[in-house]
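Student: Respectively, the protein sequence lines represent chains A and B. For the first sequence, the numbering used here puts the final residue at 1471, and the numbers step up evenly by one. For the second sequence, the numbering used here puts the final residue at 1471, and the numbers step up evenly by one. Please see the structure below; I have some questions.
Protein chains: 2
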Amino acid sequence: MEINPAAIQSRFLRACHRLPVDRTPVWFMRQAGRYLPEYRAVRARYSLLEICAQPELAAEVTLQPLRLLPVDAAIIFADILLPLIPMGVRLDYSAGEGPVIHTPVNSYADAAALKPIEPREALSNVLEAIRLVRHELNGKVPLIGFAGGPFTLACYLIEGGSSRGYLKTKQMMYAEPHAWRLLMGKLTRVVTDYLLAQADSGAQVVQLFDSWVGTLGPQDYREYVLPYSQIIFRALKGAHIPAIHFGTDTSALLPMMREAGGDVIGLDWRVSLDQAWNMLGPDVGVQGNLDPAALFAPKPEIGRRVVSILEQAGGRPGHIFNLGHGVLPDTPIENVLTVIELVHEFSKGARS
Amino acid sequence: MEINPAAIQSRFLRACHRLPVDRTPVWFMRQAGRYLPEYRAVRARYSLLEICAQPELAAEVTLQPLRLLPVDAAIIFADILLPLIPMGVRLDYSAGEGPVIHTPVNSYADAAALKPIEPREALSNVLEAIRLVRHELNGKVPLIGFAGGPFTLACYLIEGGSSRGYLKTKQMMYAEPHAWRLLMGKLTRVVTDYLLAQADSGAQVVQLFDSWVGTLGPQDYREYVLPYSQIIFRALKGAHIPAIHFGTDTSALLPMMREAGGDVIGLDWRVSLDQAWNMLGPDVGVQGNLDPAALFAPKPEIGRRVVSILEQAGGRPGHIFNLGHGVLPDTPIENVLTVIELVHEFSKGARS
C-alpha cells in the first residue's frame, strides 16, 4: 500500500500501517454495548434490528462509548447478520441472547435460493450511519467498519443460530461440497461488496469477524475457508483499505489466517501475543489480546495483565490493544477506563 | 519408568510406553455412550448416576463397545463429577444434556465446606466396576481409568454446570486467590488419590480429562492450573502408571501441558498432529485427533482424514489414534467401525 506516513495522524491508523505511534492505540470489540447504561436505555425502547435500521440511532449508539471513554477508534454499530436479511433470511433476536434463523440453509437448494444483493442499496442504512458518524466524529478518531466472515455467516445460516459443535455446518462441508461452495461463494461476494461499500461511505479501516472459525482444524480451514477469505482481503488490498482479520480459538490457524490476508491479525486471549506475533512474522500488525473476563478482576490484577501484553508487544509498530473478544455485558465501565488509561500511560515512550 | 518391553503385549500399552507396535492402537473417548443402541437400552431404565453407582451395570456398559468394535482399549464407564458427590456436592443430570450443581462453590467458605474424602471408600463402586471389567476382559485389551482435571472440576463447581465463558471461575481465580488455592488443592488431592486407587484396582492406564482448560491463556494456565496438574502426574509417575493428559482448545497450551505431565498428550482436532507433536518434543506420546464431526462424513472423506492423521504420525512410536473429543450422540456406528478398520489397515507395517 503506498502511503505517506507523515499524512497519517491518528495513532490507530498509524498502527494499522505499522508506523510508529506516540501511544499504543486501544479500542474494544463491543465497546458500544450492554455494559453502558446509555446503550441499555436505547435498547429499552428499540430492538437490535430497529437500531440497525435507523441510521440516526445506529450513529448515536456508535458514538456513546466515545463520549465516556478515550478510545482511539469508533466502530460502526451493526450486526454481522444484517446482510442476510435482504438475501431472504428470516431472523430475530427475541428468543434470548443469540439470534434465531427461521429459514436455515440445509441443502444446495436452500443455498441457491439466497438472493444476490447489492449492499449499496440493500444495506444503505448501515452506510448512511457510517456517513453520519464520520461527520459527527469530525476527524477526532477513525471509524472502523466490519462484516462477519463467510464461514461464520455460514455457521449461523446452517445451524439456525449459535452452536457449540457446528455439526451441521461440518456435515455440509464434508458431505455436500457443491452446496458449501455455492453458499460460501455467495456470502463472499456479499461480504466483499459490503466492506468496499462501507469504505466508500467513510469507514477508514474494516474488520472481518470470522469469530467461529476456530472450530476447524488447520486442514479444514485451508480447504473450506481460506480461499474465500483470500478473495475478500485481496479486494480490500486493491481498494487500499486497511483490514483487521479476527477470529477466536485460532491459535493453530494463525499462519493460515495470515495467508488469507489482513494488515492486522486479531488475536483472542488463548495465545501469548509475543508467540503469536513471532508465528505471524514481522510484516503484519496484531490486535489484542486481554481476556474479557480480566475486566472483572481487581484493578492491580488488570494492570498486571495490561502491562504484560504491552511488554509482549515490546513497542513494535503495529500493535493495537483490544480484548480477545467483545466486552462482556456486566463489565464495570470504570475497569474499561482503567485499561485505556493504563495502555496509554505504559505505552508512552515505550520505544524510546 | 523401568519396563521390560518384551513383557508388554498390548499395542495400546506399548504405545503408552512409546514402544514399536504392530498396528496403531485406537480407542474412542465416550466409546460407551448414546450412539450405541445397547447403551440407550440401559439408559432407558437407569439414570447416569444409577449406572455409575452399580458396579455390574457400569461394567456392562463399559464392555458394550468391546463386543461390537475391535477397539484396542476399554475405558471404565463413570462420570468426571462422581468424586464431588461424597465431597458434599448436590448435583443431577435431569435438566437436559449437562449436569446441574445445586450447591455451587462461590466463596472461600464454600470451598472450605467441601469434605475431604478417601476415594478408596467413597468411590468404591467405581473401583469395584474396574475390578469386574478387568476380570471380564481377561487380558483381551487394557482398561483405562480416568478423572476430571482439578480445573475442569472447579469450573463445574463454580459455574454450577456447563458454561461458555467460565466467567465466575475466572473471577474467583483473579479476585479470590485464597479460595482458588483451597479449592484446587482439595480437588488435586481427591483426583490424585482417586486415580491411584483406580490403578490399584486394575486400571492399567489413566487419563486426566482437563477438558475445559483451553479457556485459559498460557499465563493463567501456568499460574492457576499447572502446579496442581503437576502434583497429580508426579504421583502417577511415582506409582508407574502411564498417564494420558487431555484437554480441548489447547493449541497454545501444549508445551505447558507437557510440562505439567503425562506420558501421552491428548490432542483435540484444532491442531495438526504433526505440528503438535513437534511442539511437544519426541519424549512423549500423542493421542488423537480426528474431529468427532468427521464421523458424519461420507466414508471416502473419513478415510482421507484417518490416513492424513496416520501420515502425520509417520509411524513414530507413541501414537494412539482417537477422536479430538468424545463420540457424538448420533454418530453412525458403522463409521466408528470404519475408522478402526482404516487405522489398523493403514498403520500395518507403516514403519517397515
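Even glycine gets a Cβ: it sits at the ideal position worked out from N, Cα and C. Being a predicted model, the structure only gives us computed values, none of them experimental.
Quickly, what does DSSP pair G1404 of chain A with across the bridge? List them, please.
Tutor: The count along the first sequence starts at 1 and reaches residue 1404 of chain A at position 285. G1404 of chain A is bridged to A:V1383.
Student: Under 8 Å Cβ-Cβ, which residues of chain D neighbour W1299 of chain B?
Tutor: No chain D is part of this structure, whose protein chains are labelled A and B.
Student: Report the residues of the stretch 1411–1427 of chain B with a CB closer than 9 Å to any CB of chain A, ordered along the chain.
Tutor: Listed by position, the residues of the stretch 1411–1427 of chain B near chain A (Cβ gap below 9 Å) are P1411, A1412, A1413, F1415, A1416, P1417, E1420, I1421, R1424, S1427.
Student: Quick check: is the beta carbon of Q1338 of chain B nearer than 8 Å to any beta carbon in chain A?
Tutor: The count along the second sequence starts at 1 and reaches residue 1338 of chain B at position 219. Closer than 8 Å to some Cβ of chain A, the Cβ of Q1338 of chain B qualifies, so yes.
Student: So for I1249 of chain A, helix, strand or coil by DSSP?
Tutor: To locate residue 1249 of chain A, count along the first sequence from 1; it is residue 130. Correct three-state label for I1249 of chain A: helix.
Student: May I ask you to report which of helix, strand or coil DSSP gives P1210 of chain A?
Tutor: Taking the first residue of the first sequence as 1, we reach residue 1210 of chain A at position 91. Checking the sequence, you will find Leu at residue 1210 of chain A rather than Pro. Reduced to three states, the DSSP call for L1210 of chain A is strand.
Student: DSSP state of H1463 of chain B, grouped into three classes?
Tutor: Working through the second sequence from its first residue, we reach residue 1463 of chain B at position 344. Of the three classes helix, strand and coil, the one that applies to H1463 of chain B here is helix, per DSSP.
Student: Of all the options A:A1316, A:P1346, A:A1371, A:A1322, which has the alpha carbon lying nearest to the alpha carbon of R1239 of chain A?
Tutor: Residue mapping note: residue 1239 of chain A aligns to position 120 of the first sequence, counting from 1. Per the Cα distances, A:A1316.
Student: Between T1369 of chain A and L1386 of chain B, what straight-line distance do the alpha-carbon atoms span, to the nearest angstrom?
Tutor: The residue you call residue 1369 of chain A lines up with position 250 of the first sequence. The residue you call residue 1386 of chain B lines up with position 267 of the second sequence. For T1369 of chain A and L1386 of chain B, the distance between alpha carbons rounds to 15 Å.
Student: Is DSSP giving S1471 of chain B helix, strand or coil here?
Tutor: Taking the first residue of the second sequence as 1, we reach residue 1471 of chain B at position 352. Because the pLDDT of S1471 of chain B is 38, which lies under 50, any placement of that residue in the model is unreliable, and the number read from its coordinates should be weighed accordingly. Of the three classes helix, strand and coil, the one that applies to S1471 of chain B here is coil, per DSSP.
Student: For V1344 of chain A versus F1265 of chain A, is the C-beta spacing smaller than 8 Å?
Tutor: Mapped onto the first sequence, residue 1344 of chain A falls at position 225. Mapped onto the first sequence, residue 1265 of chain A falls at position 146. Going by C-beta atoms, V1344 of chain A is not nearer than 8 Å to F1265 of chain A.
Student: Taking DSSP as the reference, what is the three-state secondary structure of Q1326 of chain B?
Tutor: Taking the second sequence and counting its residues from 1, one reaches residue 1326 of chain B at position 207. If DSSP states are grouped into helix, strand and coil, Q1326 of chain B belongs with the strands.
Student: Give the straight-line distance between the Cα atoms of W1299 of chain A and I1439 of chain B, rounded to the nearest whole angstrom.
Tutor: Here residue 1299 of chain A refers to the residue found at position 180 when the first sequence is read from its first residue. Here residue 1439 of chain B refers to the residue found at position 320 when the second sequence is read from its first residue. Those two C-alpha atoms are separated by around 32 Å.
Student: If the cut is a Cβ gap below 8 Å, which residues of chain A does Y1293 of chain B touch?
Tutor: For the purposes of this step, residue 1293 of chain B is taken as the residue at position 174 of the second sequence. Near Y1293 of chain B (Cβ distances below 8 Å), the residues of chain A are A1412, A1413, F1415, A1416, P1417, E1420.
Student: Could you give the distance in angstroms between the alpha-carbon of C1135 of chain A and the alpha-carbon of P1261 of chain A?
Tutor: The residue you call residue 1135 of chain A lines up with position 16 of the first sequence. The residue you call residue 1261 of chain A lines up with position 142 of the first sequence. Their backbone Cα atoms lie some 11 Å apart in a straight line.
Student: Could you tell me which residues DSSP puts in a beta bridge with A1193 of chain A?
Tutor: As a working mapping, residue 1193 of chain A is identified with position 74 in the first sequence. Answer by DSSP bridge pairing, in chain order: A:L1262.
Student: Would you decide whether H1221 of chain A is buried or exposed? Buried here means 16 or more other CB atoms lie within 10 Å of its CB.
Tutor: If you number the first sequence from 1, residue 1221 of chain A lands on position 102. Under this definition H1221 of chain A is an exposed residue.
Student: List the endpoints of the continuous alpha helix (DSSP H) containing H1297 of chain B.
Tutor: For this step, residue 1297 of chain B is matched to residue 178 along the second sequence. Looking at the DSSP string, the run of the alpha helix (DSSP H) that includes H1297 of chain B is 1296–1320.
Student: Can you name, in chain order, every residue of its own chain whose Cβ lies under 6 Å from the Cβ of R1149 of chain A, other than the five neighbours on each side?
Tutor: As a working note, residue 1149 of chain A is residue 30 in the first sequence. Excluding sequence neighbours, R1149 of chain A sits near G1445, V1446.
Student: Could you name the residues of chain A that R1153 of chain B contacts, counting a contact when the two beta carbons are closer than 8 Å?
Tutor: The residue labelled residue 1153 of chain B in the question sits at position 34 within the second sequence. Ordered by position in chain A, no residue passes the 8 Å Cβ test against R1153 of chain B, which lies about 14 Å from the chain.
Student: Under three-state DSSP, which class holds L1399 of chain B?
Tutor: As a working note, residue 1399 of chain B is residue 280 in the second sequence. It is helical.
Student: Can you name the start and end residues of the alpha helix (DSSP H) that A1362 of chain A belongs to?
Tutor: Walking along the first sequence from the start, residue 1362 of chain A turns up at place 243. Not the alpha helix (DSSP H): A1362 of chain A falls in the beta strand (DSSP E), residues 1362–1365.
Student: Pick from B:L1155, B:K1305, B:K1259, B:A1172: whose alpha carbon is nearest that of I1127 of chain B?
Tutor: The sequence position of residue 1127 of chain B within the second sequence is 8, counting from 1. It is B:K1259.
Student: Mapping DSSP to helix, strand and coil, what is H1438 of chain B?
Tutor: The residue labelled residue 1438 of chain B in the question sits at position 319 within the second sequence. Note: H1438 of chain B maps to strand in three-state DSSP.
Student: For the putative contact between G1333 of chain B and T1367 of chain B, defined by C-beta atoms under 8 Å, what is the C-beta separation to the nearest angstrom?
Tutor: The residue labelled residue 1333 of chain B in the question sits at position 214 within the second sequence. The residue labelled residue 1367 of chain B in the question sits at position 248 within the second sequence. Sure, about 5 Å apart at Cβ, within 8 Å.
Student: For the alpha helix (DSSP H) containing S1427 of chain A, name the first residue and the last one.
Tutor: Taking the first sequence and counting its residues from 1, the one referred to as residue 1427 of chain A is at position 308. That run of the alpha helix (DSSP H) goes 1418–1432.
Student: At a Cβ cut of 8 Å, what residues of the stretch 1321–1349 of chain B count as close to chain A, listed as they run along the chain?
Tutor: Answer in chain order: G1333, T1334, L1335, G1336, P1337, Q1338, D1339.
Student: Exposed or buried, what is R1253 of chain B when buried is set at 16 or more other beta-carbons lying within 10 Å of its beta-carbon?
Tutor: Taking the first residue of the second sequence as 1, we reach residue 1253 of chain B at position 134. R1253 of chain B comes out buried.
Student: For the 8 Å Cβ check, are there 3 or more pairs between the stretch 1388–1402 of chain A and the stretch 1342–1360 of chain A?
Tutor: Touching, no.
Student: For P1337 of chain A, which of B:P1417, B:Q1394, B:A1358 has the nearest alpha-carbon?
Tutor: The residue given as residue 1337 of chain A occupies position 218 in the first sequence. Considering only alpha carbons, the answer is B:Q1394.
Student: What residue range does the alpha helix (DSSP H) around G1357 of chain B cover?
Tutor: Counting from one through the second sequence, the residue named residue 1357 of chain B turns up at place 238. 1345–1357 is the extent of the alpha helix (DSSP H) around G1357 of chain B.
Student: By the DSSP assignment, the alpha helix (DSSP H) with P1238 of chain A in it spans what residues?
Tutor: What you label residue 1238 of chain A is simply residue 119 of the first sequence in a count that begins at 1. P1238 of chain A -> alpha helix (DSSP H) spans 1238–1241.
Student: Does the beta-carbon of S1226 of chain B have 16 or more other beta-carbons within 10 angstroms, so that it is buried, or is it exposed?
Tutor: By 1-based counting over the second sequence, the position of residue 1226 of chain B is 107. With fewer than 16 other Cβ atoms within 10 Å, it is exposed.
Student: For chain A, is any of its Cβ atoms less than 8 Å away from the one on Q1290 of chain B?
Tutor: One-based indexing of the second sequence puts residue 1290 of chain B at position 171. Yes, Q1290 of chain B counts as interfacial toward chain A.
Student: By DSSP, does V1478 of chain B sit in helix, in strand, or in coil?
Tutor: The first residue shown for chain B is 1120 and the last is 1471, placing residue 1478 of chain B beyond what the model contains.
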